[in-house]
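Comments concern the structure below.
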Amino acid sequence: MKTDLTVNGEARQVEHESRTTLLDALRDHLDLTGTKKGCDHGQCGACTVLVNGRRVNSCLSLAAMHDGDEITTIEGLGEPGALNTLQEAFVNKDGYQCGYCTPGQIMSATAMLEEARDGAPSHVSETLTGSVPLTDAEIAERMSGNLCRCSAYPFIREAIAMSAEKKS
Amino acid sequence: MTETFRMDKAQARLLDETGQGVIGTPMDRPDGPQKVSGRARYAADGTPEGTAHGVLVRATITKGKVAAIHADSISDLPGVIGVVSGPEFIRNPAQGMANAAPVQPGTRVDYHGQPIALVVGESFEAARDGALRLKVDFEAEAGADVDPDTASEVETGDPSAVGDWDSAFDGAAFKVDREFTTAAQVAAAMEPHAAIAEWQGDKLLLRSSLQMLRFNKNEIADSLGIPAENVQILAPFVGGGFGSKLGIGPDAVAAAQAARELGRPVRVVMPRQAVFDSILRRTETTQRVRFAADADGKLRAVGHDDRVSNLWEEGFAEPTSSCSQFLYGADALRFQQSLARNHRTPTGSVRAPGEAVGMLTFEAALDELAEQLDIDPVELRLKNLPDTHPMTGQAFSSRGLAECLRRGAEEFGWSARGKPGARREGDWFIGVGMASAGRPNMLIQASARVRLEAGGATVETDMTDIGTGTYAIFAQIAGEMLGLSADRVTVRLGDTDLPGASGSGGSFGASSSGSAVFLAARKIRAKLAEAMGCDADELTLQDGIARGGNREMAISDLVQSEIVEEAQIEAGKTAESHFSAGYGAHFVEVAVHAWTGEVRVRRMLGIMDIGRVLNEKTARSQAVGGMVWGLGAALTEEISHDPRTGHIVTRDLANYHVASHADVPAQMEVSFLDNRDDEANPMQSRGVGELGISGAGAAVFNAIHNACGVRLYDFPATPDKVIAGLEALGL
Amino acid sequence: MKEFTYARAETLDDAAGQLDETARVIAGGTNLLDLMKLQVMAPEKVVDITRLPDLSEISAEGEGLRIGALVTNSQLAEDHRVRSLYPVLSRAILAGASGQIRNKATTGGNLLQRTRCPYFYDPAMACNKRDPGAGCAAKEGVGRMLAVFGVSDDCLAAHPSDMAVGLRALDAEVEVRSPDSSTRRLKLDELYRLPGDRPDLETTLAVDEIITAVVLPAPEKGAVQAYRKVRDRASYAFALVSVAGNVTLTDGKIARAKLAYGGVAPKPWTNAKVEEMLVGQAPDEALFRKAAEALTADATPHSDNAFKLPMLRRTLIAVLREATGLADASPGTDKTKDAA
């Protein structure tokens, strides 16, 4: 079957089996291998991409269900020599080690910062109805769908906080 | 043939004399931009034209044999190409540095989850479908031992001991004698094991996620029955290893065999569940830790016995008491290990084999002794630091443990520690704990080549960067030695056609392979000195300028044609005369929920002595990563085995809990002593990747006790165990 | 994943018309695809309902709230009406899964998600839920995550949803559309079946019925609502136990107590006796202990999960203490705003 996607601003058509996930379509059909497969079951976050601006696990999504959707992958944020603020912050803070979970962390953080700006609460928010400052504990809870076995967690969050500060 | 440099005596501290000023700095990783932009390509990223996809099939019996594989059961499935199996298939990954094929069991099945066949398809989806539907007949043998607690075959080694242990222990006034258990764990690198195999004639090109290519090349060649020179392995980026990719894996052998049979490239990526099923795990342990001391805290006897497990024909046994044997001195010390054989997924090296579990219990028991003696735990440790290795009598190379302990206590605010249960914030008990850290340091044979051209230098070695920072560190070493900024050094790694390095493992990678880079650069310095007409020790190289013999020249002008030097290093006499190890001290604050038993780590501080720091930023990341592993071992990580089949039930990342962001506090602080280890290697550096784990989990356990009075002896401290402890105290 | 036919439904009628024993609805897909990859589920046809109109809204219904079945978990947890009037629902959702999953997972799908029993997830293991009559490998196996209430000899699996536990404490109803275009409403409790000797049958829905909405009753003014979840790590893990509380105090006495429990049963669990013990009483820790003891009195734990009993008791006490002001509220406990 054929699915039309807009990937990183570019119209792409993918021919795939009905059972092909968005993740495998990106990696194996479009050669966008920046999006990683860590567990294939929504248990690690390495495959996080943005669908119409929202972060999702691309492994738990059928490509067929995304006809007409706008997909943003790590390749769409910036490239070596022209990294975006968040990517630069990851390099600066050593917010990674092996780098395998990194695209997922960055995509997740990109959307997470939007969610927080929109006032979405989290499990650790003191209040559901007042404003919630984006403390480290807030970032940690909101980023907990992205595992990092190298355990660069504190540095990932420093990078996110640094980029959030720069943007605001 | 490059001559081998042997580390027979302490070397001059050349890196303290060079003037470039890049070594040790917290330089950003040069590979960072590729990693943060998704351009870094890992083993399974991108496939050659015509690649077929393979998915491994597991045994679903514990012991017995594969009677028949019914390839026809899936031959009608669209996209399925066929089933590959055979004598080449390996039972489990090679152990670290095996340098030869692991067990190739043929049709024999030794554990539930063993890879037995590969289904190959035109697409990953087709192969996965076929792998799940393939009909296999097994002949199961009943009564396989799957529980080390009841194993019928237990190999108990002779104790290694010094002193009259029984009388030292019996005669002392204060004693701790505790049995501990620690859960099995897995490495769970984020990148699953993966390989793409491609044959060009009789030559195999293998892209695979591996840590030690020099060994892996021989392992795959031996598995396939081909000469090692016909193999090239590429692993420029490795998505985490932690020991699980030390040896060649079933993915690589199956991919190579299938590619050979089909005459086309084959990619095999292990599903996460398969990684749990068949990649070497860390053993579960039972441990008995005994301390005896005088009232003043002087240790009289130290004992640490352990029982680990493994599958038959595996030579590995977790060296549980490795650190216990040299941290503290006593009149008598005694260590004894038993190895229970069973039909579970075999065990192997997982980050900090030995210390990762041995130090949990050893340092927790010492905390209990301190309480019994009513001596500050830091003080108790300081009182018992030996002058020489307590078991071997070897001299220590530099040993900063005392300074780590003192500085850590100071920086952490240890003196504010109260009695158990004394500090409470709402429903949370707050407490602090500490533990020592240690990890033997090794020098492993390694080679590297350095090229110097007018435009800069290139480092070439088959060394890997598994997140450890090799790309950064080697650029710093070569830059420092050759007077170049690091951005003028290109580092090429992860290709077996380059000089063979130590590989990444045992925390020895940066120092061993880095020393080869250092030595190759040192040879280039000698050539440059010659060109300058001065002695090598007169030569200074800085920012592209060479100075010496009253001359000053641009290095680019000195290099008429490319200078290429290769060097090899291996351990020598200092490894006999001196005992080299990394040291540290962990301090931890936790909160324990009075009702739900949840434990939250609020801050951790690690003071570490790793000799010369090669890159302060990547070293800190390694150390913090290790500390988080310690946190995980203390609180969340636990493999459960089915009591009947022995298979891993917690075989995915939802059921096996590695620490998440929310488990790790912002305050994860590390500082390094400014130390040098002259006997370790010519750079005076030591390993760091595993030191951070050592003792960290014990510090968490000790803090739990200080918080709420509960002492646990079974790792990890999940909320159920804490609740049981609280209820036993009437809380 | 086996091959299947993918069909995108244009209307509810169209969707319902395509459903039979061999077909499954897909919306968020976060659990269905997870299971299909392992061939624990293998529908021949997958009917995509995500483009159906009108199921993605949260709207007022009487004094209550009607939540379309396709409303995502994130959307629901973030909705201002839910946050201020039904905070336990926001809290329960936010305690589950991850930001990414909550962005995809839907209200209807969350209710219908399957157990995470590892033996159900492994086709090599016997499972009556996956394969009726095959036996239950979990019974003599690793049982940490299994249920302690409502289980049968054939199945010990726990329902994994957090959201459903919050809904249960709010007396939510489920709106179901039948193929003849009629709708019916079920109490949440009536949606789920206990396993008995047919653990494969998890709900009372017919194969061609589709959940279209969840309906919340008028909010309770001045209630204190709390959701507390205990798990094996700080985030991104299924509940060992969880407790949703919805408690109203009047004149220093507990006027109303709605309590639901997660991680302990094949469905969001409740116990009317416990609530009766509390109502009319002044909040007091001894009372809470008695209520907690009553709650676990008829539990039937597996050898691996007897710890869930004290854990559940203590979590209940912690929730009641915060909900009744015996202890300071922590994140997870919120007072409802008076409905405007």
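Protein chains in written order, with this note's numbering: chain B, 57 to 224; chain F, 8 to 738; chain X, 588 to 927. In this text, a Cβ means the ideal position worked out from N, Cα and C, and glycines have one as well.
{"Item": "What does DSSP give as the partner residue(s) for ARG818/X in the beta ladder?", "Value": "ALA826/X"}
{"Item": "Report yes or no: is there a C-beta of chain X within less than 8 Å of the C-beta of VAL656/F?", "Value": "yes"}
{"Item": "Could you check the C-alpha separation between THR11/F and VAL457/F for me, to the nearest Å?", "Value": "16 Å"}
{"Item": "What does the alpha-carbon distance come out to for the pair ALA588/F and SER514/F?", "Value": "11 Å"}
{"Item": "Taking the continuous beta strand (DSSP E) assigned at SER443/F, which residues delimit it?", "Value": "435-447"}
{"Item": "Quick one: residues in its chain with C-beta nearer than 6 Å to the C-beta of ALA102/B, no 5 flanking neighbours on either side, listed in chain order?", "Value": "LYS92, GLY94, CYS157 and GLY160"}
{"Item": "Are the C-beta of TRP602/F and some C-beta of chain X separated by less than 8 Å?", "Value": "yes"}
{"Item": "Have a look at SER216/F, VAL729/F, PRO37/F and LYS142/F and flag the residue whose alpha-carbon is nearest the alpha-carbon of PHE12/B.", "Value": "As displayed, chain B neither begins before 57 nor continues past 224, which places residue 12/B out of reach and without an answer."}
{"Item": "With distances taken Cα to Cα, identify the nearest neighbour of ALA176/B among ARG198/B, ASP60/B and ASN64/B.", "Value": "ARG198/B"}
{"Item": "Taking C-beta to C-beta, are VAL612/X and THR694/X nearer than 8 Å?", "Value": "no"}
{"Item": "Is GLY728/X close to chain F? Criterion is C-beta to C-beta, closer than 8 Å.", "Value": "yes"}
{"Item": "Determine, using beta carbons only, whether TYR593/X comes closer than 8 Å to chain B.", "Value": "yes"}
{"Item": "I need the boundaries of the beta strand (DSSP E) containing GLU460/F, first residue and last residue.", "Value": "453-460"}
{"Item": "Under the three-state reduction of DSSP, which class applies to TRP602/F: helix, strand or coil?", "Value": "coil"}
{"Item": "Kindly provide the ranges of any beta strand (DSSP E) runs that are 3 or more residues long and lie completely inside the stretch 527-553 of chain F, ordered along the chain.", "Value": "547-549"}
{"Item": "Does the beta-carbon distance from LYS840/X to THR923/X come in below 8 Å?", "Value": "no"}
{"Item": "So, does the stretch 687-700 of chain F touch the stretch 309-318 of chain F, judging by three or more C-beta pairs under 8 Å?", "Value": "no"}
{"Item": "Taking only three categories from DSSP, how would you classify ASN622/F?", "Value": "strand"}
{"Item": "At a Cβ threshold of 8 Å, is GLU590/X touching chain B?", "Value": "yes"}
{"Item": "How is ALA927/X classed by DSSP in three states: helix, strand or coil?", "Value": "Confidence in ALA927/X is poor, its pLDDT being 43 and thus under 50, which makes the residue's placement too unreliable to answer from."}
{"Item": "Can you give the beta carbon distance from TYR593/X to SER74/B, rounded, assuming they're within the 8 Å contact cut?", "Value": "4 Å"}
{"Item": "To be precise: take each residue of the stretch 628-641 of chain X, compare its Cβ to all Cβ atoms of chain B, and keep it if any distance is under 8 Å. Which residues remain?", "Value": "VAL633, ASP635 and THR637"}
{"Item": "Taking VAL70/B as part of the beta strand (DSSP E), name the residues at either end of that continuous run.", "Value": "66-71"}
{"Item": "Kindly give me the distance between the Cβ atoms of ALA705/F and LEU367/F, rounded to whole angstroms, as I take these residues to be in contact under 8 Å.", "Value": "5 Å"}
{"Item": "Please check if any C-beta of chain B sits within less than 8 Å of the C-beta of TYR823/X.", "Value": "yes"}
{"Item": "So, at 8 Å on beta carbons, what are the nonlocal neighbours of GLU569/F in its own chain, with the 5 sequence-adjacent residues on each side left out?", "Value": "ARG458, LEU459 and GLU460"}
{"Item": "I'd like to know if GLY696/X contacts chain B, where contact means its C-beta is closer than 8 Å to some C-beta of that chain.", "Value": "no"}
{"Item": "With 7 Å as the limit, tell me which residues of the stretch 622-642 of chain F have their beta carbon closer than that to any beta carbon of chain B; keep them in chain order.", "Value": "LYS624, THR625, SER628, VAL631, GLY632, VAL635 and TRP636"}
{"Item": "Nearest to ALA349/F by alpha carbon, out of GLY407/F, GLU160/F and GLU559/F?", "Value": "Going by the sequence as given, residue 349/F is Asn instead of Ala. Closest option to ASN349/F, Cα to Cα, is GLU160/F."}
{"Item": "Taking CB distances under 8 Å as the criterion, tell me whether GLU126/B reaches chain F.", "Value": "no"}
{"Item": "Output yes if chain F places a C-beta closer than 8 Å to the C-beta of ILE216/B; else output no.", "Value": "no"}
{"Item": "Give the secondary structure of ARG75/B by DSSP, where H, G and I count as helix, E and B as strand, and everything else as coil.", "Value": "coil"}
{"Item": "Between the C-alpha atoms of PRO40/F and ALA172/B, what's the straight-line distance to the nearest angstrom?", "Value": "26 Å"}
{"Item": "Using the three-state DSSP reduction, which class does GLN812/X fall into: helix, strand or coil?", "Value": "strand"}
{"Item": "For a quick check, are the C-beta atoms of ARG820/X and SER829/X less than 8 Å apart?", "Value": "no"}
{"Item": "Between ALA927/X and chain B, is the shortest Cβ-Cβ distance under 8 Å, so that the two count as touching?", "Value": "Below a pLDDT of 50, predicted positions are generally treated as unreliable, and ALA927/X, at 43, falls in that range; no measurement from the model is reported."}
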